[in-house]
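A.B. asks:
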Amino acid sequence: MKRALTLALAGLVGLIASQAGAIDLKEISYDTKGAGKVVFSHNKHLSKKSARGNAAFSCATCHTGNKSKKHYTMADMYKGQSCGACHNGKQAFDAHECSKCHQVKEIVYQVKETGPTPFSHAKHLAKVKDCATCHTKLYKTGKNPTVSMAEMEKGKSCGFCHNGKKAFGVDKCSKCHKSPELTYTTAPVPKATFSHSFHTSAYSCKDCHNTIVKPDMKKNKRVSMAEMEKGQSCGACHDGKVAFSVKGDCAKCHTGFKLPAKMTFKNKKGTIIGHFSHEFHTAAYQCNDCHTKLYPYGNGKRITMKQMESGASCGACHDGKSAFSVKGDCLKCHKSS
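For the sequence shown, the numbering used here begins at 337 and goes up steadily by one.
#1: Threonine 600 and histidine 611: beta carbons closer than 8 Å?
#2: For the alpha helix (DSSP H) containing leucine 461, name the first residue and the last one.
#3: Which partner residues does histidine 438 have in the DSSP bridge list?
#4: Hey, which unbroken runs of the beta strand (DSSP E) at 3 residues or more fall wholly within the region 575-657?
#5: Is the beta carbon of cysteine 544 less than 8 Å from the beta carbon of cysteine 509?
#6: In angstroms, rounded to a whole number, what distance separates the CA positions of glycine 664 and tyrosine 631?
#7: For alanine 428, collect the residues of the same chain with a Cβ closer than 7 Å to its Cβ; drop the 5 residues on either side in sequence, then sort them by chain order.
#8: Between the C-alpha atoms of alanine 396 and histidine 381, what's the straight-line distance to the nearest angstrom?
#9: I need the boundaries of the beta strand (DSSP E) containing threonine 536, first residue and last residue.
#10: Count the C-beta pairs between the region 511-531 and the region 580-596 that are closer than 8 Å, then say yes if the count reaches three, no if not.
#11: Pull up the distance between the alpha-carbon of glutamate 363 and that of valine 375, whole angstroms please.
#12: Take histidine 293 and list the residues in its own chain whose beta-carbon comes closer than 8 Å to its own, dropping the five residues that flank it on each side.
#13: So aspartate 412 is in the beta strand (DSSP E); what residue range does that whole segment cover?
#14: Provide the residue(s) that pair with glycine 451 in DSSP beta bridges, ordered along the chain.
#15: Is it right to say alanine 371 is buried, meaning 16 or more other beta carbons lie within 10 angstroms of its own, or is it exposed?
#16: Identify which residue in His432, Lys557 and His399 has its Cα closest to the Cα of alanine 411.
#17: How would you write the range of the beta strand (DSSP E) that threonine 469 sits in, first residue to last?
#18: Based on the DSSP secondary-structure assignment, which residues constitute the bridge partners of leucine 518?
#19: Does the distance from the C-beta atom of glutamate 489 to that of proline 551 stay below 8 Å?
#20: With respect to the beta strand (DSSP E) encompassing threonine 397, which residues constitute its N-terminal and C-terminal limits?
#21: Would you check if the distance between the CB atom of cysteine 419 and the CB atom of cysteine 467 is smaller than 8 Å?
#22: Does DSSP classify serine 365 as helix, strand or coil?
#23: Going by DSSP in three states, lysine 511 sits in which element: helix, strand or coil?
#24: With 16 as the cutoff for other CB atoms within 10 Å, does valine 506 come out buried or exposed?
#25: For glycine 571, count neighbouring C-beta atoms within 10 Å of its own C-beta (all shown protein chains included) and say buried if the count is 16 or more, exposed if not.
#26: Where does lysine 385 fall in DSSP's three states?
#27: Could you check the C-alpha separation between threonine 472 and lysine 479 for me, to the nearest Å?
#28: Any idea if cysteine 623 is buried or exposed, counting beta-carbon neighbours within 10 angstroms, 16 or more meaning buried?
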């Protein structure tokens, strides 16, 4: 009887022990305001060895038996409380290495003027290990108010580091913002192209934006060649001093632009009665000497010889002073029958 009681008690102890060993240690998820979800793994922590010896961590390493509903901030952890008791850079990785617990995202900012602008946490954390460099000195975790480029230039937001010393300056806009190659429809002459990559290799973005051209192209009014010749838009630099003049070689902007070597004029019957050579005239004159003061680009209205003799069309130059007179040798322009 005594032996049976002993065996029963031993079995009961064994059952209790087996149940204790089968405690289900769950993965705990904490939803942090503005910093995403943080997962705490009991199994992962209990498998670690203590820095003070070879023994593994036990429940008693963290749990005192007294339940506490106190919420610990990151500032508390930096002072050694809660997770910070071990995560101090000695026993375990430092609590400042936030991305080891907090899932960080690659962020894309929708900038109205320049389109989607990406920010890579991974890329920045590869160089700056301490998240506290930015959070919460520069940014709150979560949504932040929009900061203008002018404010960044004064050291706010990205400009705190991107000042040309710690990291490239915020004036290097194309490092973050996409700079598209632009094409303008300029009928009847071929389309004009503008290369951001070519211009930013020699100039800073702020040399043009916002003083000459607004970043949001929809807010820029159409500028004519005549206005450019007076210093507006492209003409602010393309004046023949800083860069080639807008009055010069049209093909430098209007790609594929080819002057017709010789233009022919016909009468109502279809007979060729005259010739005009662009090749000959552009050897001595610039395009704007005739366009658009004397002729619109494309087909202008028909001008009579009498109107030319009064100074219209060809007669503006062919007056016997600047060039031979339209009243002179007709065969210089008109083909003899």
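The beta-carbon is built from N, C-alpha and C at its ideal position, and this holds for glycine as well.
C.D. replies: The short version:
#1: Here the question's residue 600 lines up with position 264 in the sequence shown. Here the question's residue 611 lines up with position 275 in the sequence shown. Closer than 8 Å, so yes.
#2: One-based indexing of the sequence shown puts residue 461 at position 125. Its alpha helix (DSSP H) spans residues 457-461.
#3: On the sequence shown, residue 438 is found 102 positions in, with the first residue counted as 1. Per DSSP, Val374.
#4: 599-602 and 608-612
#5: Position 208 of the sequence shown, counted from the start, is the residue given in the question as residue 544. Position 173 of the sequence shown, counted from the start, is the residue given in the question as residue 509. Contact: no.
#6: Here residue 664 refers to the residue found at position 328 of the sequence shown. Here residue 631 refers to the residue found at position 295 of the sequence shown. C-alpha separation (whole angstroms): 22 Å.
#7: Your numbering for residue 428 matches position 92 in the sequence shown. Cys422, listed in sequence order.
#8: The residue given as residue 396 occupies position 60 in the sequence shown. The residue given as residue 381 occupies position 45 in the sequence shown. Their Cα atoms are separated by approximately 12 Å.
#9: Residue mapping note: residue 536 aligns to position 200 of the sequence shown, counting from 1. Run containing threonine 536: none in the beta strand (DSSP E); it sits in the alpha helix (DSSP H), 532-536.
#10: yes
#11: Your numbering for residue 363 matches position 27 in the sequence shown. Your numbering for residue 375 matches position 39 in the sequence shown. Those two C-alpha atoms are separated by around 7 Å.
#12: No information on residue 293 is available, as it lies outside the stretch 337 to 673 that the chain covers here.
#13: Against the sequence shown, residue 412 aligns to sequence position 76. Here aspartate 412 belongs to no beta strand (DSSP E); instead the alpha helix (DSSP H) covers 410-414.
#14: Position 115 of the sequence shown, counting from 1, holds the residue named residue 451. In DSSP, glycine 451 forms a bridge with Val447.
#15: Residue numbering aside, residue 371 sits at position 35 when the sequence shown is read from its first letter. By the neighbour-count rule (16 or more Cβ atoms within 10 Å), alanine 371 is buried.
#16: Numbered from its first residue, the sequence shown carries residue 411 at position 75. Considering only alpha carbons, the answer is His432.
#17: Taking the first residue of the sequence shown as 1, we reach residue 469 at position 133. It is not in any beta strand (DSSP E) - threonine 469 carries neither H nor E in the DSSP assignment.
#18: In the sequence shown, the residue the question calls residue 518 occupies position 182. Its beta-bridge partners are Phe530.
#19: What you label residue 489 is simply residue 153 of the sequence shown in a count that begins at 1. What you label residue 551 is simply residue 215 of the sequence shown in a count that begins at 1. Going by C-beta atoms, glutamate 489 is not nearer than 8 Å to proline 551.
#20: Start at 1 with the first residue of the sequence shown, and residue 397 comes out as number 61. Segment 395-398 is the alpha helix (DSSP H) holding threonine 397; no beta strand (DSSP E) there.
#21: By 1-based counting over the sequence shown, the position of residue 419 is 83. By 1-based counting over the sequence shown, the position of residue 467 is 131. No, the Cβ-Cβ distance between cysteine 419 and cysteine 467 is not below 8 Å.
#22: Taking the first residue of the sequence shown as position 1, residue 365 is located at position 29. Looking at serine 365 - three-state DSSP - the assignment turns out to be strand.
#23: Reading the sequence shown from its first residue, position 175 is the one you call residue 511. Of the three classes helix, strand and coil, the one that applies to lysine 511 here is helix, per DSSP.
#24: By 1-based counting over the sequence shown, the position of residue 506 is 170. That one is buried.
#25: Taking the first residue of the sequence shown as position 1, residue 571 is located at position 235. The residue is buried, with at least 16 neighbouring Cβ atoms inside 10 Å.
#26: Translated into positions along the sequence shown, residue 385 becomes position 49. If DSSP states are grouped into helix, strand and coil, lysine 385 belongs with the strands.
#27: Your numbering for residue 472 matches position 136 in the sequence shown. Your numbering for residue 479 matches position 143 in the sequence shown. Threonine 472 and lysine 479: Cα-Cα distance of roughly 12 Å.
#28: Taking the first residue of the sequence shown as 1, we reach residue 623 at position 287. Answer is buried; the Cβ neighbour count reaches 16.
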